[in-house]
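S.K.: Chains A and B, in that order, give the protein sequences. Taking this note's numbering, I'd label the letters of the first sequence as residues 2 to 305. Taking this note's numbering, I'd label the letters of the second sequence as residues 1004 to 1556. Cβ atoms here follow ideal geometry from the backbone N, Cα and C, with glycine treated the same way.
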Amino acid sequence: MRITNSMMTNNMLENLINNRENLDKLNQQLSSGTKFSKPSDNPIGVTTSMGFHTQMNNYEQYQRDVNNSKSWLESTESSLSDANNVLQRTNELAIYASNDTLNPEDRKIMAEEVKELRDELISIANSKLGDEYLFSGQATGAKPIEVNTNYDINDTDPDNDNYVVYNGDHNKILRKISDDNQMKVNINAAEVFKDNIETINKMYEDLKNGEGGEKISSYISDFEEGMTTNTSARAEVGAKINRLDLVNNRIDDNLLNVKKLNSKNEDIDLAKLVTDLKMSENVYRASLSSAARVIQPSLVDFVK
Amino acid sequence: MFDGIHIGLSALQTQKKSIETTGHNIANANNEDYSRQRAIQTAKEPNLLAGSNFMQGTGVKVADIQRIRDEFINQQVREESQESGYWNQIQQGMERIEYIFNEPSDSGLQSAFDKFWNSLQDLNTYPNDTATRAAVKNQGMVLSKAFRTINEQMMDYKRSLNNDFGKKVSEINSIADRISRYNKQITTALASNKTPNDLLDKREALFNDLNELATVKGKTDKVGNLNITIDGKKLVSKFDTNKLKVEESDDHPYADKLILDINGNNIEVKPETGEIRGLMEVRDSEIPTYLDNLDNIAESFAKEFNEKHSNGFDLNGETGNKFFELNSNYSRASRAIQVHASIKAEGGINKIAAGNYSENPDIAEVNIVDTSNINKDQYYKVEVSKDDDKYYYQVFEKNGGDSSFGSPITTGDINIEDAADNPIDFSSRGFEFTINGSGETIINLNTNQGNGNNAASLSKTINQDEVLNGTTVTNNYRALISTIGVNAQRADQMKESQGDLVRQLENIKQSVSGVSLDEEMANMIKYQQAYNAAAKLITKNDEMLDSLMAMIR
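1. Tell me whether the region 1206-1219 of chain B and the region 1081-1098 of chain B touch, counting them as touching only if at least three CB pairs, one residue from each stretch, are closer than 8 Å.
2. Just to confirm, are residue 1518 of chain B and residue 1028 of chain B a CB contact at a threshold of 7 Å?
3. Which residues in chain A have a C-beta closer than 9 Å to the C-beta of residue 1032 of chain B? List them in chain order.
4. By the criterion of Cβ-Cβ separation under 9 Å, what are the contact partners of residue 2 of chain A in chain B?
5. Using DSSP's beta-bridge definition, name the partner residues of residue 1442 of chain B.
6. Could you name the residues of the same chain whose beta carbon sits closer than 7 Å to that of residue 122 of chain A, not counting the 5 residues immediately before and after it, in chain order?
7. What beta strand (DSSP E) runs, 3 residues minimum, are completely inside the region 1210-1274 of chain B?
8. For residue 301 of chain A, go through chain B and note every residue whose CB falls closer than 8 Å to its CB, in chain order.
9. Measure the Cβ-Cβ separation of residue 1426 of chain B and residue 1437 of chain B and say whether it is below 7 Å.
10. Shorter than 7 Å from the beta carbon of residue 1045 of chain B to some beta carbon of chain A?
11. Using a Cβ-Cβ distance under 7 Å, would residue 1151 of chain B count as near chain A?
12. Are the beta-carbon atoms belonging to residue 1453 of chain B and residue 139 of chain A less than 7 Å from one another?
13. Quick one: is residue 1184 of chain B near chain A, going by C-beta distance under 7 Å?
14. Of all the CB atoms in chain A, is at least one closer than 7 Å to the CB of residue 1069 of chain B?
15. Would you please state the rounded distance, in angstroms, between the beta carbons of residue 1439 of chain B and residue 1356 of chain B? I believe it to be under 8 Å.
16. Mind pulling the alpha helix (DSSP H) runs of 4 or more residues that sit fully within the region 254-304 of chain A?
17. Between which residues of its own chain and residue 1464 of chain B is the CB-CB distance below 6 Å, once the five residues before and five after are set aside?
18. By the 9 Å beta-carbon criterion, what residues does the region 1480-1495 of chain B contribute toward chain A?
19. Report, in whole angstroms, the separation of the C-beta atoms of residue 1300 of chain B and residue 1479 of chain B, which I expect to be a contact under 8 Å.
20. If we require 4 or more residues per run, which alpha helix (DSSP H) segments fall completely within the region 1299-1352 of chain B?
21. Would you mind sorting residue 1128 of chain B into buried or exposed? The rule is 16 or more other CB atoms within 10 Å of its CB.
22. I'd like to check one pair, residue 1212 of chain B with residue 1178 of chain B: are the Cβ atoms closer than 7 Å?
23. Of all the residues that make up the region 159-180 of chain A, which are near chain B by a beta-carbon distance shorter than 9 Å?
24. Grouping DSSP H, G and I as helix and E and B as strand, with all else coil, what is residue 1207 of chain B?
25. Looking only at its chain, what residues have a beta carbon closer than 6 Å to the beta carbon of residue 241 of chain A, apart from the 5 residues adjacent to it on each side?
26. Going by Cα to Cα distance, which pick from B:1539, B:1324, B:1162 and B:1159 is closest to residue 1370 of chain B?
27. Alpha carbon to alpha carbon, what distance is there between residue 1421 of chain B and residue 59 of chain A?
28. If you check the beta carbons only, do residue 1302 of chain B and residue 1344 of chain B fall under 7 Å apart?
29. What three-state label does DSSP hand residue 1 of chain A in the structure shown?
30. The beta strand (DSSP E) that contains residue 1402 of chain B, what's its start and end?
31. So, is the C-beta of residue 50 of chain A closer than 7 Å to a C-beta in chain B?
32. Less than 8 Å between C-beta atoms, sequence neighbours within five positions excluded: which residues of the same chain meet that for residue 130 of chain A?
33. Please identify the residue among B:1522, B:1172, B:1316 and B:1497 whose C-alpha is closest to the C-alpha of residue 1587 of chain B.
34. Would you kindly report the start and end of the unbroken beta strand (DSSP E) that includes residue 1016 of chain B?
35. Give me the Cα-Cα distance between residue 1224 of chain B and residue 1189 of chain B, rounded to the nearest whole angstrom.
Take a look at the structure:
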């Protein structure tokens, strides 16, 4: 082939541009840390990476969601545990008061303590997490247990002879803990507190009125039943907390897996890239020095 | 006796002409459009030597100054540069479209979908939290804005392409005009037997430029006119041109048509390839295709989301309205999508329907028909099973939390395909419900603030519900990005390989027609030596004449 001067310059220029482009591409990868920056760099890689990022985002969200549910359940658990202490104490007092040797004065003093315990149980039933009542079903803004304003122990109307009323609903609070699973996280006060409060109140009224040991002893079985209910509720909550721990572990594992896959998919191999970059730099240098030669003397320089 | 001097003179003149041609070549060494020229030397007509049969030479002359070129290669360069122009435009367009979609990034549509999903998950956890509700509204606005931004940028780009289209059309007209003027000069020169080499080069350069722009065919007639057709219709004919112009399309915005005005008749032309074709393809095919796709995603997502949203109830206990709306001023859903005015209004965040009467609306969704018949303490359990084409359902009830569900109050079945349009009537209790799937759900008609059931269902519209083409909206979107990526990659590769091909052909063309300085230098020395020798010849002849004259003296 006949080679002309402008051909050599053009070819040299073309190669120089190609080498620069190559160098730029590698530099871009090195500075961004990823193999691709736009879909055309690797269409499959990019869409896979988009999917991974969504998955990572979702797992991180579920971690937060699960932790939120867990703290809800943990608060529930600690309230139930406090309630159990109250029930135990009232049970002890009931056993003690079943004894007819106590005089009416002692019973009145005891009545004061029982009254405090009743109020304590009411305040436990009205526990909050943040601004939400734990034990009022989905009516999280309504105080679950309130003292009945029409309360009259001697009234035969069932609406009026109860000391407290339940203001919440019987709905389940369901939390999404994975794409396909929901978990009920709440227990309402009507299930676990209301009856106990009524019993304690009755015991208080009886003690106040100086009722005998026989009447008081009838509450013992109620308290025992109350404690059983409480225990099984705690067991249920505990089991749920355990399940959430497992869910959390699984999410952690999945997240780690996706992160690994994602890194494999989009992260550069630093050692390889640096080597490639060094190579490209050398090639670029070489092409520059060859360019300097192409703009070389021609016969022009030798014709005097 | 004087013949020698004449021969010497012809040699001097010829070598000088040749050196001048060499000089012309050297001067144009870097002129891309230039074809090197060569002075063709030929012996002058010989004389019959008086009294003999011999012919005696009379010297040399320049017979012709030729352009050295290979018409076949030149034609190939032109054809391939049409294709190269086409792919250049496509590549440019696809690159721009990729930038507009801006994926993968933290600010693209995918990321907006992800963040909206996050806010809905939070709403499931904190259905009555003001900050969480505000986040749902804001992320909804960010998402719809992300759709609109892509749409607006695509339309802006389409408009700018349409402007470029007009500019390219006037470029073609201007080139055609100049070619017709060169036709006149060249034919005039040829008619008087001159070789208008440099004019031919200039005309060819213009013709090459024209080839990059559009598919044109050129033919040189006997007298030297270059006649050009575009899409089979006359563009340049001898000294005349037909003008191209643009005409607005009635069907689409910014999609001007290419019209050739032949003596007042407007004929639409569609070049097969070339820059102008590439531009039209991006403008009329690529951009609208991707936008259509995006519209489908926006529209079906908004529709599904609104349906679910209007199935729930808001913080005020009222049945949900729409969450998104399509602004009727715009025909494209990706431009029209926005958060509904009622949500954006003061206090609108309370209208986000986080709650649902049904624990799992994907099994049974409730529609309130008569509020006066509603008993908010009543709970209904709906059990749905299905076989091939039927749902079998049972409904139980209980009051409050004390009692348990007894025996079913209603049992029945319904064809799966009819289920969506035929709600099960419970109007005596104030509601009806539609069966969406099998399983078990509890329905309760109180509307308390801690109900986040609908939020859980709403978040599924993004990553789980098969909303469009049998898959999720985000899968559809990723498929769109993948299509754009594949097309852009192909355009990159085609541009690259077509560019290489043209460069190779250009090299071959240069190898034939380009100026080599070495060669020209060698020629210069050759001609110079010949010139020196011819001068010597004249000197010697002069000396011979002197000798002759001396004899006479």
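M.R.: Result, derived from the coordinates:
1. The region 1206-1219 of chain B vs the region 1081-1098 of chain B: in contact.
2. Start at 1 with the first residue of the second sequence, and residue 1518 of chain B comes out as number 515. Start at 1 with the first residue of the second sequence, and residue 1028 of chain B comes out as number 25. Going by C-beta atoms, residue 1518 of chain B is nearer than 7 Å to residue 1028 of chain B.
3. Position 29 of the second sequence holds residue 1032 of chain B. Under a criterion of Cβ atoms nearer than 9 Å, the residues of chain A adjacent to residue 1032 of chain B are, in order, 5, 6 and 7.
4. The residue you call residue 2 of chain A lines up with position 1 of the first sequence. Result: 1510, 1511 and 1514.
5. For this step, residue 1442 of chain B is matched to residue 439 along the second sequence. For residue 1442 of chain B, which the question treats as bridged, DSSP gives the partners B:1387.
6. Reading the first sequence from its first residue, position 121 is the one you call residue 122 of chain A. For residue 122 of chain A, same chain residues with a beta-carbon under 7 Å away, outside a window of 5 residues either side, are 84, 87, 194, 197, 198 and 201 in chain order.
7. Correct list: 1219-1223, 1229-1233, 1236-1240, 1246-1250, 1260-1265 and 1268-1271.
8. The residue you call residue 301 of chain A lines up with position 300 of the first sequence. Those are 1520 and 1524, listed as they occur along chain B.
9. Taking the second sequence and counting its residues from 1, one reaches residue 1426 of chain B at position 423. Taking the second sequence and counting its residues from 1, one reaches residue 1437 of chain B at position 434. Contact: yes.
10. As a first step, residue 1045 of chain B is located in the second sequence; it is residue number 42 there, counting from the start. Taking 7 Å as the CB threshold, residue 1045 of chain B stays off the interface with chain A.
11. Looking up residue 1151 of chain B in the second sequence gives position 148. Closer than 7 Å to the CB of residue 1151 of chain B there is not a single CB belonging to chain A.
12. For this step, residue 1453 of chain B is matched to residue 450 along the second sequence. For this step, residue 139 of chain A is matched to residue 138 along the first sequence. Yes.
13. The residue labelled residue 1184 of chain B in the question sits at position 181 within the second sequence. Residue contact with chain A for residue 1184 of chain B: absent (no Cβ-Cβ distance below 7 Å to any residue of chain A).
14. On the second sequence, position 66 is the one that residue 1069 of chain B refers to. No - not a single Cβ of chain A is within 7 Å of the one on residue 1069 of chain B.
15. For the purposes of this step, residue 1439 of chain B is taken as residue 436 along the second sequence, with counting starting at 1. For the purposes of this step, residue 1356 of chain B is taken as residue 353 along the second sequence, with counting starting at 1. With a Cβ gap of about 17 Å, residue 1439 of chain B and residue 1356 of chain B do not count as contacting.
16. Within the region 254-304 of chain A, the complete alpha helix (DSSP H) runs of at least 4 residues are 271-295.
17. Counting from 1 along the second sequence, the entry for residue 1464 of chain B is found at position 461. Answer for residue 1464 of chain B: 1307 and 1308, listed in chain order.
18. Residues of the region 1480-1495 of chain B with a C-beta less than 9 Å from any C-beta of chain A: 1480, 1481, 1482, 1484, 1485, 1486, 1487, 1488, 1489, 1490, 1491, 1492, 1493, 1494 and 1495, listed in chain order.
19. Residue 1300 of chain B sits at position 297 when you count from the first residue of the second sequence. Residue 1479 of chain B sits at position 476 when you count from the first residue of the second sequence. Contact holds; Cβ gap of about 5 Å.
20. If one requires a minimum length of 4 residues, the alpha helix (DSSP H) runs lying completely within the region 1299-1352 of chain B are 1336-1339 and 1344-1347, in chain order.
21. If you number the second sequence from 1, residue 1128 of chain B lands on position 125. Buried is the label assigned to residue 1128 of chain B, since at least 16 other Cβ atoms lie within 10 Å of its Cβ.
22. Position 175 of the second sequence, counted from the start, is the residue given in the question as residue 1178 of chain B. Position 209 of the second sequence, counted from the start, is the residue given in the question as residue 1212 of chain B. The answer is yes: Cβ separation under 7 Å.
23. Here the close residues are 167, 169, 170, 171, 172, 173, 174, 175, 176, 177 and 180.
24. For the purposes of this step, residue 1207 of chain B is taken as residue 204 along the second sequence, with counting starting at 1. Residue 1207 of chain B falls in the helix class under three-state DSSP.
25. Residue numbering aside, residue 241 of chain A sits at position 240 when the first sequence is read from its first letter. Only 74 meet the Cβ criterion.
26. If you number the second sequence from 1, residue 1370 of chain B lands on position 367. Taking residue 1370 of chain B as reference, the option from B:1539, B:1324, B:1162 and B:1159 with the minimal CA-CA separation is B:1324.
27. Counting from one through the first sequence, the residue named residue 59 of chain A turns up at place 58. Counting from one through the second sequence, the residue named residue 1421 of chain B turns up at place 418. When rounded, the distance between both Cα atoms is 35 Å.
28. Mapped onto the second sequence, residue 1302 of chain B falls at position 299. Mapped onto the second sequence, residue 1344 of chain B falls at position 341. Judged by their CB atoms, residue 1302 of chain B and residue 1344 of chain B are not nearer to each other than the 7 Å cut-off.
29. Past the boundaries of the shown model lies residue 1 of chain A; chain A is included only from 2 to 305, so the question cannot be answered.
30. On the second sequence, residue 1402 of chain B is found 399 positions in, with the first residue counted as 1. Per DSSP, the continuous beta strand (DSSP E) segment holding residue 1402 of chain B begins and ends at 1393-1402.
31. The residue given as residue 50 of chain A occupies position 49 in the first sequence. Closer than 7 Å to some Cβ of chain B, the Cβ of residue 50 of chain A qualifies, so yes.
32. Taking the first sequence and counting its residues from 1, the one referred to as residue 130 of chain A is at position 129. 72, 73 and 76.
33. Because chain B here runs from 1004 to 1556, residue 1587 of chain B falls outside it and cannot be looked at.
34. The sequence position of residue 1016 of chain B within the second sequence is 13, counting from 1. Element bounds for residue 1016 of chain B: not the beta strand (DSSP E) but the alpha helix (DSSP H), 1006-1030.
35. The count along the second sequence starts at 1 and reaches residue 1224 of chain B at position 221. The count along the second sequence starts at 1 and reaches residue 1189 of chain B at position 186. As the crow flies, the alpha-carbon of residue 1224 of chain B is around 12 Å from that of residue 1189 of chain B.
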